[in-house]
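Student: Protein chains in written order, with my numbering: chain R, -16 to 93; chain C, 122 to 374.
Note that CB positions come from ideal geometry on N, CA and C, so glycine has one too.
Small disclaimer: the values here were computed from a predicted structure and weren't measured.
Sharing a structure with you now.
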């Protein structure tokens, strides 16, 4: 698994608790990634963390907007919201956008 | 997640009982079908009923005590955390960790902090883990009964609405709030409640489920509620907090 996917999973999959990236600083996240990918360079890890941090921010905003009805409430609304996410943060897979959106709905529920 | 459960089954005998009870509880009481090891397709109507009951609060209490027995000891000062809105989660974690890291001096009772996810900030209640494995929001956004979880498509045997997903998480949080009564009875101390909710919206769980419950608990004399004035509010500095549910921050629109 590449470094970006590991960084993604730390945020959205390994622990469904909200916002791991709010709790951990870059150094702590780099250590976590290197535990799973010992050969990853620090710069690689940092690049991935930066991308996922931005994705986390955007997920929060998009899911918040979705909850406020800005994308509509039917299944098309979900699709539109996920497209918005993919436009803001290109480079992730379709499955990752779906997962991030669902996790974001939990973050924004509280 | 299943591997995690196995690890602690072998390491912590007390937690073994809690984990097994929780799994049994969920399997027998919720009509669950464990499709892929970590996905539980609980009937939402059953879950709504479960999370409405005092038994659910007692379940959370047992799970909290299994992690931290001092939470049920006479004299312990119990603290409960709440957060809502972007950026507030990490601030609450900082305060809870500071409370749990504080050292009681001779003759003083211990301070122990929990939140809706678990005891301390790293040990999640088995009931919370089950909630996440039930994937309510994926199910609440199913299209034609098809649910996609981590890229795999399932047919949901109990179709769930988005509103039900919100209600289930809301009621879970309400039962978490009710834990204060049990701690109050067990310890003899008013429970201290710390809230990071600046910027939170009115239609989210804090304002719709948790705050109404905190108002009741405050009226009963069970809790003392504090709202953080800033991201850096320190639990040992009274001036960092606004006290009382009547002074809760105005929700964001």
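What number of angstroms, rounded off, separates the C-alpha of residue 300 (chain C) from the C-alpha of residue 183 (chain C)?
Tutor: By 1-based counting over the second chain, the position of residue 300 (chain C) is 179. By 1-based counting over the second chain, the position of residue 183 (chain C) is 62. Rounded to the nearest angstrom, the two C-alpha atoms are 10 Å apart.
Student: Give a yes or no on whether the minimum CB-CB distance between residue 269 (chain C) and chain R is below 8 Å.
Tutor: Looking up residue 269 (chain C) in the second chain gives position 148. At least one chain R Cβ lies under 8 Å of residue 269 (chain C).
Student: Taking a Cβ distance cut-off of 7 Å, strictly less, list which residues of the region 323 to 334 of chain C are near chain R, in chain order.
Tutor: Within the region 323 to 334 of chain C, the qualifying residues are 325, 326, 327.
Student: Looking at the C-beta of residue 37 (chain R), does it have a partner C-beta in chain C at a distance below 8 Å?
Tutor: Start at 1 with the first residue of the first chain, and residue 37 (chain R) comes out as number 54. Not an interface residue.
Student: In chain C, which residues lie less than 7 Å from residue 69 (chain R) when you measure between Cβ atoms?
Tutor: For the purposes of this step, residue 69 (chain R) is identified with residue 86 of the first chain, where counting begins at 1. Result: empty, since nearest Cβ-Cβ is about 15 Å, beyond 7 Å.
Student: Measure the beta-carbon distance from residue 29 (chain R) to residue 13 (chain R) and round it to whole angstroms, keeping in mind my assumption that it falls under 8 Å.
Tutor: If you number the first chain from 1, residue 29 (chain R) lands on position 46. If you number the first chain from 1, residue 13 (chain R) lands on position 30. Confirmed, about 7 Å.
Student: Can you name the residues of chain R whose CB is closer than 9 Å to the CB of residue 246 (chain C)?
Tutor: Your numbering for residue 246 (chain C) matches position 125 in the second chain. Near residue 246 (chain C) there are no residues of chain R at all, since even the closest Cβ is about 11 Å away, more than 9 Å.
Student: How many Å lie between residue 49 (chain R) and residue 280 (chain C) at the Cα?
Tutor: Start at 1 with the first residue of the first chain, and residue 49 (chain R) comes out as number 66. Start at 1 with the first residue of the second chain, and residue 280 (chain C) comes out as number 159. Spanning the two alpha carbons is a distance of roughly 21 Å.
Student: Can residue 335 (chain C) and residue 344 (chain C) be called in contact, C-beta distance under 8 Å?
Tutor: Within the second chain, residue 335 (chain C) is the residue found at index 214, counting from 1. Within the second chain, residue 344 (chain C) is the residue found at index 223, counting from 1. Cβ atoms of residue 335 (chain C) and residue 344 (chain C): closer than 8 Å.
Student: Considering only their Cβ atoms, is the gap separating residue 5 (chain R) from residue 211 (chain C) smaller than 8 Å?
Tutor: Locating residue 211 (chain C) in the second chain gives position 90, where the first residue counts as 1. Locating residue 5 (chain R) in the first chain gives position 22, where the first residue counts as 1. Yes, Cβ-Cβ distance for residue 211 (chain C) and residue 5 (chain R) is below 8 Å.
Student: Report all residues from its chain with a CB closer than 6 Å to the CB of residue 96 (chain R); omit the five preceding and five following residues, and keep chain order.
Tutor: Since the first residue of chain R shown is -16 and the last is 93, residue 96 (chain R) is not available in this structure.
Student: So residue 175 (chain C) and residue 275 (chain C) are supposed to be a Cβ contact under 8 Å. How far apart are they, rounded?
Tutor: Translated into positions along the second chain, residue 175 (chain C) becomes position 54. Translated into positions along the second chain, residue 275 (chain C) becomes position 154. Not quite, the Cβ-Cβ distance comes to about 32 Å (not below 8 Å), so this is no contact.
Student: Taking 8 Å as the threshold, find out whether the region 302 to 314 of chain C comes into contact with the region 187 to 201 of chain C through three or more Cβ pairs.
Tutor: Result yes; three or more Cβ-Cβ pairs closer than 8 Å.
Student: In chain order, what residues of the region 191 to 210 of chain C put their CB closer than 9 Å to some CB of chain R?
Tutor: Residues 203, 204, 205, 206, 207, 208, 209, 210.
Student: Of all the CB atoms in chain R, is at least one closer than 8 Å to the CB of residue 352 (chain C)?
Tutor: By one-based count along the second chain, residue 352 (chain C) stands at place 231. False, the Cβ-Cβ gap to chain R never drops below 8 Å.
Student: Taking 8 Å as the threshold (beta carbon to beta carbon), is residue 81 (chain R) in contact with chain C?
Tutor: By 1-based counting over the first chain, the position of residue 81 (chain R) is 98. Yes, its Cβ sits closer than 8 Å to a Cβ of chain C.
Student: Cutting at 8 Å between CB atoms, please list the residues of its own chain near residue 259 (chain C), excluding the five before and the five after it.
Tutor: The count along the second chain starts at 1 and reaches residue 259 (chain C) at position 138. Closer than 8 Å at Cβ, skipping near neighbours: 268, 269, 270.
Student: According to a CB-to-CB cut-off of less than 7 Å, which residues of the region 258 to 284 of chain C neighbour chain R?
Tutor: If the cut-off is 7 Å between Cβ atoms, the region 258 to 284 of chain C has 258, 259, 262, 264, 269, 271, 272 near chain R.
Student: State the start and end residues of the unbroken alpha helix (DSSP H) segment that holds residue 61 (chain R).
Tutor: Within the first chain, the letter at position 78 stands for residue 61 (chain R). Residues 58 to 71.
Student: Is residue 355 (chain C) helix, strand or coil by DSSP?
Tutor: Walking along the second chain from the start, residue 355 (chain C) turns up at place 234. Looking at residue 355 (chain C) - three-state DSSP - the assignment turns out to be coil, as it is neither helix nor strand.
Student: Just the Cα atoms here: how many angstroms apart are residue 178 (chain C) and residue 240 (chain C)?
Tutor: For this step, residue 178 (chain C) is matched to residue 57 along the second chain. For this step, residue 240 (chain C) is matched to residue 119 along the second chain. So the two alpha carbons sit approximately 14 Å from each other.
Student: Just how far apart, CA to CA, sit residue 61 (chain R) and residue 327 (chain C)?
Tutor: Your numbering for residue 61 (chain R) matches position 78 in the first chain. Your numbering for residue 327 (chain C) matches position 206 in the second chain. Cα to Cα, the separation comes out at about 24 Å.
Student: Determine the closest residue to residue 199 (chain C) out of C:282, C:284, C:248, C:298, with distance taken between C-alpha atoms.
Tutor: For the purposes of this step, residue 199 (chain C) is taken as the residue at position 78 of the second chain. With distances taken between Cα atoms, residue 199 (chain C) lies closest to C:298.
Student: Check whether chain C comes within 8 Å of residue 6 (chain R), counting only Cβ atoms and requiring the distance to be less than that.
Tutor: Within the first chain, residue 6 (chain R) is the residue found at index 23, counting from 1. Chain C contact via Cβ: present.
Student: When the cut-off is 8 Å and only beta carbons count, does residue 19 (chain R) lie next to chain C?
Tutor: By one-based count along the first chain, residue 19 (chain R) stands at place 36. By this cut-off, residue 19 (chain R) is not an interface position.
Student: Take residue 317 (chain C) as the anchor and find which of C:168, C:329, C:217, C:262 has the nearest alpha-carbon.
Tutor: Within the second chain, residue 317 (chain C) is the residue found at index 196, counting from 1. With distances taken between Cα atoms, residue 317 (chain C) lies closest to C:217.
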